[in-house]
Amino acid sequence: MKPNALFNQPPGLYYLFFTEMWERFSYYGMRSLLVLYMTEHLIGRVQQGQTVFGFPALQNWLESLLGGMSQQALASQIYGLYTGLVYFTPFFGGLLADSVLGQRRTIILGGLLMAAGHFTMAFESLFLPALLLLILGNGCFKPNISTQVGGLYPDNDPGRDAAFTLFYMGINLGAFMAPLVCGTLGQFYGWHFGFAAAGVGMLISLLIYQSGQKYLPPDRRNKNAARPTGAQTKPDAPLSGAEWRVIAALAVLAVVNIVFWAVYEQQGNTLQLFVEHEADRRIFGWEMPSTWFQALNPILIILLSPLLAGLTARLAAAGFAPSGVTKMALGSMLLGASFLILMYATAGAAEGVKTGLHWLALCNLIYTLGELLMSPVGLSLVCRVSPPKIISMLMGMWFMSSFFGNYLSGYIGGFYGLLSRPRFFLMLAALGIAAGLIILLLRKALEKTLEPLND
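So the sequence shown is residues 21 to 475, counted in our numbering.
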């Protein structure tokens with residue numbers, strides 16, 4: 021495709037940028053409210069006799085596995101299950117696109133399911149079916165739009181890395197707006213107004229995607245799966261030894277990625293509760309809504325991404341640029357180190373004294389740097405090195421590691437009410453730093469396997 025003058029990128033990238041921006045607005049808008057909605061409204065209503073389809077059965081199942089739980093622990097478990105399953109279903113959404121529908125139709129199906137899910141959240145009794153619609157929709161949407169970004173460029177095109185950086189900024193622009201709009205509506209005007217705003221965002225995303233069809237890459241599908249039964253076909257060549265080694269290396273990184281996301285996702289879970297109840301949110305006499313704190317991470321990503329890209333370019337010019345594997349190790353260690361800030365801040369606090377926002381902001385700054393060294397690098401690496409005939413499936417595998425990480429985040433969040441704040445934050449720090457050290461120990465073997473196409 022002929023590049024656009026803006027950043028020398030094809031026009032299709034900008035349609036995908038705004039499609040993803042509004043989809044992430046809808047996702048993070050709902051996520052900013054989810055734990056607060058459950059702890060401050062829904063679970064209490066269930067205990068008072070409100071009928072919520074499937075909720076008693078889910079609670080009984082969780083408590084049969086983990087024992088009795090407080091409202092906070094139960095909300096944390098449900099949050100972890102939801103955000104985890106959001107990253108489990110992309111594996112199957114990738115298979116659906118590769119073998120049956122193609123990326124375009126699968127993305128549209130996913131968007132419709134998610135819009136339905138957001139609007140269904142307006143009905144308390146349908147809380148769990150609404151989450152199910154969101155989970156299935158995201159599974160169709162998420163891996164395939166990332167695959168389409170990569171499909172805009174020829175193999176080994178250096179513009180692909182810049183495209184994923186821009187795309188990642190689109191994700192975070194939506195995530196920045198979400199808590200400011202949906203969070204404010206939900207906290208001050210009613211939970212369902214916030215959820216409805218997320219649904220409107222998803223509809224806008226679909227309209228933008230439909231309007232840019234002619235600029236998007238063709239579907240990349242498994243040709244043999246699409247042919248009628250009995251047709252003469254030439255089977256695809258089996259995966260080579262080098263391709264299997266690439267898959268194994270990505271699988272190793274995906275396993276470590278689990279720990280990264282288990283720690284990182286406390287942002288929308290226990291950190292949201294910490295900001296709501298234990299942080300001093302006063303700014304010149306005005307008290308900031310707690311959900312607004314979730315807007316700090318995405319705006320920092322938008323501000324820091326070009327600075328980090330410029331630093332990386334200068335290091336590359338000087339011959340000192342770290343490899344993608346090294347970046348991911350540093351990202352995990354920075355994530356862990358960020359919680360040492362909160363451990364220090366809460367360890368020295370007197371009983372009943374709230375933690376200042378400056379400590380939370382510093383923690384956020386450090387783990388944002390860690391995220392920038394981990395998440396976009398991983399997406400680019402998977403898209404670049406994956407064998408073309410299973411690229412969507414492997415992108416789904418990468419997101420599946422986030423499933424386990426997000427579920428683990430819910431389990432870890434259950435310790436929030438059991439440990440002192442310094443010990444809880446120390447636990448998060450130890451997990452993040454350990455994940456980075458594991459990648460460093462395996463760095464040479466991973467770089468040797470991925471070196472021809474490394475970041």
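Backbone N, C-alpha and C fix where the C-beta goes; we use that ideal spot for every residue, glycine too.
Unbroken alpha helix (DSSP H) run spanning residue i, endpoints
| i | result |
| --- | --- |
| residue 80 | 75 to 86 |
| residue 144 | No alpha helix (DSSP H) contains residue 144, which DSSP labels as neither H nor E. |
| residue 464 | 463 to 470 |
| residue 434 | Per DSSP, residue 434 belongs to no alpha helix (DSSP H) and is neither H nor E. |
| residue 347 | 344 to 367 |
| residue 110 | 110 to 116 |
| residue 395 | 377 to 405 |
| residue 40 | 31 to 57 |
| residue 216 | 211 to 231 |
| residue 67 | 63 to 67 |
Short Cβ contact (7 Å threshold) for residue i with residue j
| i | j | result |
| --- | --- | --- |
| residue 95 | residue 55 | yes |
| residue 46 | residue 221 | yes |
| residue 113 | residue 160 | yes |
| residue 459 | residue 349 | yes |
| residue 312 | residue 199 | yes |
| residue 141 | residue 150 | yes |
| residue 228 | residue 37 | no |
| residue 164 | residue 126 | yes |
| residue 203 | residue 52 | yes |
| residue 201 | residue 158 | no |
| residue 393 | residue 464 | no |
| residue 486 | residue 366 | A query on residue 486 cannot be resolved here, the shown segment of the chain reaching from 21 to 475 and no further. |
| residue 154 | residue 137 | yes |
| residue 145 | residue 215 | no |
| residue 427 | residue 195 | no |
| residue 405 | residue 283 | no |
| residue 449 | residue 360 | yes |
| residue 133 | residue 115 | no |
| residue 91 | residue 128 | no |
| residue 332 | residue 338 | no |
| residue 390 | residue 355 | yes |
Whole-number beta carbon distance between residue j and residue i, since they are thought to touch under 8 Å
| i | j | result |
| --- | --- | --- |
| residue 433 | residue 289 | 5 Å |
| residue 301 | residue 310 | 6 Å |
| residue 429 | residue 285 | 4 Å |
| residue 269 | residue 469 | 4 Å |
| residue 35 | residue 236 | 7 Å |
| residue 396 | residue 188 | 4 Å |
| residue 75 | residue 147 | 7 Å |
| residue 184 | residue 416 | Their Cβ separation, rounded to whole angstroms, is 17 Å, which puts residue 184 and residue 416 out of contact at 8 Å. |
| residue 403 | residue 166 | 7 Å |
| residue 225 | residue 131 | 6 Å |
Among the options, the one whose alpha carbon lies nearest that of residue i
| i | options | result |
| --- | --- | --- |
| residue 344 | 421, 382, 399 and 100 | 399 |
| residue 291 | 273, 221, 362 and 319 | 362 |
| residue 304 | 332, 377, 237 and 314 | 377 |
| residue 401 | 169, 36 and 81 | 169 |
| residue 452 | 439, 404, 276 and 297 | 276 |
| residue 84 | 368, 72 and 97 | 97 |
| residue 328 | 122, 351, 312 and 314 | 351 |
| residue 99 | 87, 111, 79 and 118 | 79 |
| residue 42 | 120, 219, 166 and 296 | 219 |
| residue 193 | 369, 321 and 464 | 321 |
| residue 358 | 280, 397, 423 and 61 | 280 |
| residue 420 | 102, 211, 32 and 407 | 102 |
| residue 457 | 121, 353, 326 and 466 | 353 |
| residue 436 | 294, 326, 427 and 405 | 294 |
| residue 213 | 57, 89, 347 and 155 | 57 |
| residue 414 | 391, 331 and 274 | 274 |
| residue 121 | 238, 173 and 209 | 238 |
| residue 440 | 258, 369 and 385 | 369 |
| residue 89 | 422, 431 and 425 | 431 |
| residue 418 | 63, 271 and 342 | 271 |
| residue 263 | 411, 59, 87 and 424 | 411 |
| residue 44 | 174, 217 and 86 | 217 |
| residue 422 | 162, 230, 123 and 467 | 162 |
| residue 407 | 208, 260, 59 and 124 | 260 |
| residue 385 | 319, 438, 60 and 375 | 319 |
| residue 197 | 315, 296 and 119 | 315 |
Below-7 Å beta-carbon distance, residue i vs any chain D residue
| i | result |
| --- | --- |
| residue 214 | Structure shown: chain D not included; a single protein chain is present. |
Please go through the region 265 to 315 and give each complete alpha helix (DSSP H) segment of 4 or more residues, from N-terminal end onward. 290 to 298
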